[in-house]
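In my numbering, the protein residues as written are 28 to 367.
Idealized CB from N, CA, C, for every residue including glycine.
Since the structure is predicted, the reported quantities are computational estimates derived from the model, not experimental observations.
Written below as structure tokens is the structure these notes are about.
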């Protein structure tokens, strides 16, 4: 076929990036309700798929193909990969046998893009990578984190929701920091986000999909740590993941016998007009939950443990496409370190 020999199992590619293309991020539910056998076409250079950790429903992915290419999602999905097209070749459109019932109990993510940074799928096991240009992290079930180990060089580090070539390809910048001020921890409820650095900057991070849990293994941070949590619906709204409406990050400070520390939280919450939900904060172990809505808010409290929850209005997955939700929490644990 036209794309034979161009199955990409490595993403470290030098490509000619043409202007005027589109990039999108889609969950299994969006494929089910909006892409299969529909008129939606994407003219991006690459089509990529990532499956959740432990995925085994390959038979289902074999039933979904790219029209005119006769290549199924299963053909490019082990262990996650892309296919490419030339500008004069047909656009990407997904088809399946009529009557195919797509089961989204096991989640996957499709990315259309003309940019090919290095992709990593965030797994339960903690892994390490070094970013010297761009790196896109994918976790089809959402909830991921980065732990900064080292940042060298002079310049900025930027976090964006989505993937692709800027806003024209629906990669939206969220936050940027000088290299010497990158947070110790970055948490997100997004299923796809991109980190890119200025020329000459080298950022080494650990990454994982494990959000912790309240009883056995919350994420442990230390005195002086700077944390950021973000999520956005502009590239892909996580509400479309089987209608999930409650996503939590669990954070413990040091060891349980450590003295509690002051935690300062600055919140910037912008919810879509269709989202009557909230973002909530549990400040203490087994304590009450405080809800926050549109606007900026600041809180300081003394604690050894806290939870952050994203609780949008409950909707069926079929009702959700994208949203204008944009949420950033900036958190300082104890006294701020100098040149952290």
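Compare the beta carbon distance of residue i and residue j with 9 Å and say whether it is the shorter of the two.
i           : j           : result
residue 289 : residue 361 : yes
residue 170 : residue 255 : no
residue 325 : residue 292 : yes
residue 312 : residue 241 : yes
residue 219 : residue 166 : yes
residue 136 : residue 70  : no
residue 337 : residue 274 : yes
residue 334 : residue 248 : no
residue 97  : residue 90  : no
residue 78  : residue 143 : no
residue 287 : residue 329 : yes
residue 193 : residue 226 : no
residue 76  : residue 103 : yes
residue 340 : residue 276 : no
residue 263 : residue 217 : yes
residue 133 : residue 214 : no
residue 148 : residue 57  : no
With a 10 Å radius around its C-beta and 16 neighbouring C-beta atoms as the bar for buried, classify residue i as buried or exposed.
i           : result
residue 108 : buried
residue 141 : buried
residue 238 : buried
residue 356 : buried
residue 259 : buried
residue 59  : buried
residue 364 : exposed
residue 139 : buried
residue 164 : buried
residue 65  : exposed
residue 5   : Absent from the model: residue 5. The displayed extent of the chain is 28 to 367, so no value can be given.
residue 33  : At residue 33 the pLDDT is 38, less than 50, meaning the model places this residue with poor confidence; the figure from the coordinates comes in the next sentence. Per the 10 Å Cβ criterion, exposed.
residue 86  : exposed
residue 191 : buried
residue 115 : exposed
Between residue i and residue j, which are expected to be in contact by the criterion C-beta below 8 Å, what is the C-beta distance as a whole number of angstroms?
i           : j           : result
residue 162 : residue 222 : 5 Å
residue 297 : residue 351 : 7 Å
residue 68  : residue 112 : At roughly 11 Å, the Cβ-Cβ gap does not stay under 8 Å, so residue 68 and residue 112 are not in contact.
residue 307 : residue 318 : 5 Å
residue 55  : residue 129 : 7 Å
residue 252 : residue 211 : 4 Å
residue 281 : residue 261 : That pair is no contact at about 35 Å.
residue 257 : residue 186 : 7 Å
Examine the Cβ distances between the region 174-183 and the region 91-107 and report whether three or more of them are shorter than 8 Å.
Touching, no, given that fewer than three Cβ pairs across the two stretches are closer than 8 Å.
Quick one: any contact between the region 148-155 and the region 232-252, if contact means 3 or more CB pairs under 8 Å?
Yes, the region 148-155 touches the region 232-252.
Whole beta strand (DSSP E) elements within the region 262-341, 3-residue minimum:
You should have 274-280, 288-297, 305-309, 316-319, 322-330 and 332-338.
Which runs of the beta strand (DSSP E) fall wholly inside the region 190-262 and span at least 3 residues, in chain order?
199-205, 212-215, 219-224, 229-235, 246-248 and 253-259, all fully within the region 190-262.
Which runs of the beta strand (DSSP E) fall wholly inside the region 120-173 and span at least 3 residues, in chain order?
121-123, 135-140, 145-148, 154-158 and 161-165, all fully within the region 120-173.
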